[in-house]
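Structure first, then comments.
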Amino acid sequence: MRNLLLAGVAAAALSTSAMLAPAFAQDIKQGGSMTVTYKDDVSTLDPAIGYDWQNWSMIKSLFDGLMDYVPGTTELRPEIAESYEISDDGTVFTFKLRDGVKFHNGRDLTAEDVKYSIERTVNPKTQSPGAGFFGSIKGFEEASSGDADGLSGITVVDDHTIKFELSRPDATFLHVLALNFAHVVPKEEVEKHGADFGKHPVGSGAFRLAEWTLGQRLVFERFEDYWNPGVPKLDQIIFEVGQEPVVALLRLQNGEVDVPGDGIPPAKFIEVKNDPKFKDLIIQGGQLHTGYVTMNVKMEPFDKPEVRKAVNMAINKDRILRIINGRAVAANQPLPPSMPGYAKDYEGYAYDPEAAKALLAEAGLADGFETELYVMNTDPQPRIAQAIQQDLKAIGINASIKSLAQANVIAAGGEEDQAPMIWSGGMAWIADFPDPSNFYGPILGCDGAVPGGWNWAWYCNEDLDAMAKDADAMVDPEKAGEREAMWRDIYLKVMEDAPWAPIFNEERFTIRSERIGGDDKLFVDPVHIPVHYDEVFAKDVQ
Amino acid sequence: MLAYVARRLIQTALILLGISFVTFVLLYLVPADPARQIAGRSATAATVENIREQLGLNLPFYEQYLRYLGGLLNGDLGRSYLQKTEVSELIASRLPASLLLMVGAIFCELVLGLTMGVVAALKRGSRTDDTLMIASFVGVSAPQFVIGILLLYVFAVKLGWFPIGGYGTFAHLILPSITLGFLGAGWYSRMMRSSLIDVLRQDYIRTARATGLTRARVLFGHALPNAILPIIAMIGIDIGLFMSGIVVVESVFGWPGIGQLAWQAIQRVDIPIIMGVTLVSACAIVLGNLLADLITPLIDPRIKLR
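So the protein lines, in turn, are chains A and B. In terms of this note's numbering, the first sequence is residues 1 to 542. In terms of this note's numbering, the second sequence is residues 1 to 306.
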C-alpha cells in the first residue's frame, strides 16, 4: 500500500463534508474581536505540557502540528504537512512540509523543528504528560528514560521532509501527531525562556500571544504571516480570567462578553435554557465523553460477573439524566455515540431491578451486601451518587458514599484494594483523540490496571488486550472499516464482563453572543473547547 | 524600643518557621500525589517516578522540608506544579491588587464603623441606636460571600451603578471594599459606641461643655480623639482578618489578588502555591500585629513596650 495524500486533493475531497460551504467561507471578512471568560487562570501555553480542556484549544491556536482535524469534525487532515506517505507495513510515515510556514518570530519552520519538538516532549526533563503517546516511535524507551538524547526513529530527510519509523504498526499515529504534544516549537525561543516558555509561547499558529497579565487577561492577535490565508477570521481574542461563570452570564447579557468559557453553571441551566434572551444563543453538541461506575473486579463481591451485571440493571439512568437537567444522553457501552466504533444497535443492560435481584441471588447474595461508592465532591456528582445509592438499595446493596476531592478519588482508584465502586463523573473519561482505542488502554486494558493507573475497575482481559493490539496494527486506511468493527467487538465483549456500568454521555452546551458567527459545529467542536477560535468570526465587521 | 523591635522580629521569624512546618506537614499528608498529577492520566509509571525524582518528592520528609526552607532563605518559593511558573512571580503579580483591596476595605470599615458608632453613641437608647447596632450585628455575623453576592446583585446587576466584578478602575474597587470592610465595620461601630459613651461621661468633657464650647467642638476636639485610640490599634490586627476574607471576596468579585490565587490552588491541590500564599499571609498577619503593638504607645503614652 502506498498512500500519497496531497493536501490540495484532500482539501477538495473534504470540502464536501466540511461544515462551511466554500463560497461562504471565502466571503467571511477577517477582523473584529471576541471576549472569552474563564474562572481559572490559564495554567501554561507550552504545547508539551498543557493538558487541560481550557488551554488545549488555546494552544491549538498558537501552535500548529503536522496533522489536524477538519474544523467541527473528527476527520483528520494535514496541517503544516502538505502530504504524507505510509509504508505498506504501516511502520514508516513520511511527511512533506508546506512552504512558507513561519514562526511568530519570523523564522521559517523546518523539519528539524518538528523533530526537536517531539523529542522535547519525550525528554523526561520536560515532564510532559503526553510523552507516552509517542511510545510507538523507534527509540522511545531510550529517549524517555533519558538514556538517549533524541528519538532514533525520527529522521530529517531535508528541510521539508521528515520520516518517522515505528517499532510497531500504529493505526493511531496520525491522531497522535494531531495532539498538542506534537505541535512545533522553535528551539531558540524554548532555550531563551527555559521553564517559562509556557508563559512566553511562540509558535506558528493562527494567533500569536500579544499580552498576558497574570491573573487578569490574555490577548491573542492575528498572526499576519500565517500560512493559511483567510485564517483566523478574528483579529483579536481577549481572554479574561478569574470570572465566575454566573457573573460571566450577566456580562454576556450586557454585551461585555462573547463566550463564557466555562459554559452555563449547572444550577442555572434550566433557567438559562428557558430564558428567551439566551435560548437562541445556546448550541448543543455531543462530546467524546462517557460517565460510568467502575466495579473493582479484584474486590469481593465484584469479582462475580453476576453482581456487576446486577448493578448495571439496577441503575435507573433516566432518573439520573433528570437530576442533571438532561445535559446528557443515556449510555449502555463504553464508547460515546460520536466515536467511531460505537455500536448503535447494542441494547445493553436494560433497567430491571427484579432481574438484578435474581442475579444477586444467583451469586449467593440474595440478602444483598455492604459496599462503598467513591465520588468527587463537587456538584452535581454527589447528587448523582445518591441516586445510584438509592437504586442499589432497591436491590439490597447498601453502598455508603465516599465524597472526596478529585485528586483523592483518583488516588483511591489507582489502588488495588481501596475503592469497590467509583462514579467517574468530573474525572473520567474524555477522549484525547477521536479514535476508539483511546477508550481502552488506560481505562479498560491490562496496562491501566496497575498502581496509580486509571483502570479503576482493575479489569484485565488478556484476550481483549491481544485483540486491541491487532486492531491498532491495522494501519491501512482501506481496512479502517474492519478495524472499527474489531473495536466495536472489543467493547461489546467488555460489556459481557461488565466491569463498568456506563451511565451517560455528556452533551455540550456552548453559549455565545449574537455578535459571533460561524457554523454551529464550530461552537461544539470535538477537539476545540469551548469554540474553534480560528474559525469563528465577528458579525459586526462583515 | 529597638531591643523590643529586635526581639519581636526574632519571635516573628520563629512563628513563621513554625507555620511553614505545620503547613508543610499538612500538605505532605494530603493523599494526592503531585507527581501523578503533573504526569497526567496518560503517563507510564516510569514517567511518574522520574517526575517524582526531579521534584525531590521521593526524598524523606525532613529532607524535603529542609530543601524547601533552603529555597525560602534564598527567596525561592518554588514553582507551581500546574501553572509551571515561579510562585514568587505569581504572588508578586497579584499582591498589588490584594493590597489595594485591603486599603479600600480599611477605608470602608473606618468610615462605616466610626460613623455608625458615633451616631449610635450620641443617640444612645434611641431607635436609631437599635437599628445601627442590629446592622453591626449583621455585619459581624453574615458570611462575606452572602454580602458580596447581595451587593453585586443589587448595585451592579439590578441598578447598574457598578461594574459586575472585575478589576481596573475605581468603580471596580467599591463593592469588594465594602464587602471586605463590612465585618470590621460591625466591630468598630460597637467599639466606637462603647468607647465614646465612656469618654462622654468623663469629667473633662463636662468641663469643656461648661466652658461654653459647642457640642460639635467638644465632640470633634475632645471626645473623638480620645475615643478613637483603642480602634487605631486594631487596624494592624485587621490585616489578619482580611487575609481570610480576601479568599472569599476576591473569588466573588473576580478580583485578581492572592486570595483568588489561593482558592484556585486549593481546588487543584497545587501545593507550592498553597504553601507560598500561606506563608505570605502569615507574614502579613504577624507583621500587622507587630505594627499594631508599635503604634499603640505612640497614640497612648501610658502604654510602654518592654
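Don't be surprised by glycine CBs; every beta carbon is placed ideally from N, CA and C. As the structure is a prediction and not an experimental result, all values here were calculated from the model.
- For I295 (chain B), the closest alpha carbon among the candidates B:E250, B:I232, B:P256, B:G221 is that of B:I232.
- Looking at the DSSP output, A501 (chain A) sits in a beta bridge with A:V293.
- Taking a beta-carbon distance threshold of 7 angstroms, L82 (chain B) counts as an interface residue toward chain A.
- In the DSSP assignment, F239 (chain A) falls within the unbroken beta strand (DSSP E) covering 236 to 241.
- In the displayed model, Q284 (chain A) falls within a strand according to three-state DSSP.
- Considering only beta carbons, the part of the region 33 to 66 of chain B lying closer than 8 angstroms to chain A consists of D33, R36, Q37, I38, A39, G40, R41, S42, A43, T44, A45, A46, T47, V48, N50, I51, Q54, in chain order.
- G153 (chain A) and E165 (chain A) do touch by the CB rule: their CB atoms are close to 4 angstroms apart, below 8 angstroms.
- Taking 7 angstroms as the CB threshold, G32 (chain A) stays off the interface with chain B.
- Contact annotation, I80 (chain A) with V246 (chain A): C-beta distance approximately 40 angstroms; criterion of less than 8 angstroms not satisfied.
- Within chain A, T213, L214, G215, Q216 have C-beta atoms less than 9 angstroms from the C-beta of S93 (chain B), given in sequence order.
- Not a single CB atom of chain B sits nearer than 7 angstroms to the CB of V257 (chain A).
- Contact of I164 (chain B) with chain A is assigned, a C-beta pair being separated by under 7 angstroms.
- If you draw a straight line from the Cα of F523 (chain A) to the Cα of Q11 (chain B), it comes to about 58 angstroms.
- Taking 7 angstroms as the cut-off, the beta carbon of V36 (chain A) is found closer than this to the beta carbon of F239 (chain A).
- Counting only residues of its own chain and dropping the five nearest sequence neighbours on each side, W212 (chain A) has a CB closer than 6 angstroms to the CB of L218.
- Chain order gives the chain A residues near V157 (chain B) as L250, where near means a beta carbon separation below 7 angstroms.
- P230 (chain B) has a beta carbon lying at 7 angstroms or more from every beta carbon in chain A.
- Beta-bridge partners of S98 (chain B) (DSSP): none assigned.
- By alpha-carbon distance to L82 (chain B), the top candidate from B:Q202, B:H222, B:P272, B:P297 is B:P272.
- Secondary structure of P163 (chain B) (DSSP, three-state): coil.
- Residue-level contact check: G104 (chain B) does not touch chain A, since none of the beta carbons of chain A fall below 7 angstroms from its beta carbon.
- Burial state of E53 (chain B) is exposed, judged by a 10 Å Cβ sphere holding fewer than 16 other Cβ atoms.
- Interface criterion not met: the Cβ of V247 (chain B) is under 7 angstroms from no Cβ in chain A.
- Contacts with chain B at 7 angstroms (Cβ-Cβ) include D40 (chain A).
- Relative to the Cα of A428 (chain A), the nearest Cα in the group A:E415, A:Q406, A:D435, A:D447 belongs to A:Q406.
- Three or more Cβ pairs drawn from the region 186 to 203 of chain B and the region 110 to 117 of chain B lie within less than 8 angstroms of each other, which places the two stretches in contact.
- Identification of residues in the region 188 to 199 of chain A having a C-beta nearer than 8 angstroms to some C-beta of chain B yields A195, D196, G198, K199, given in sequence order.
- Annotation: the continuous alpha helix (DSSP H) that includes S117 (chain A) extends over 111 to 122.
- Closest in C-alpha terms to P169 (chain A), from the list A:K298, A:P499, A:G90, comes A:G90.
- Residue state for T85 (chain B) is assigned as coil, using DSSP reduced to three classes.
- No Cβ of chain A is located within less than 7 angstroms of the beta carbon of V280 (chain B).
- The shortest C-alpha to C-alpha distance from M495 (chain A) to any of A:Y349, A:V122, A:F95 is the one to A:Y349.
- DSSP places D262 (chain A) in the coil class of the three-state scheme, outside both helix and strand.
- Using a Cβ distance threshold of 7 angstroms, P47 (chain A) and F63 (chain A) count as a contacting pair.
- As for any alpha helix (DSSP H) of minimum length 4 sitting wholly inside the region 30 to 83 of chain A, the runs are 53 to 62, ordered along the chain.
- The C-alpha of R327 (chain A) is placed about 18 angstroms away from the C-alpha of I315 (chain A).
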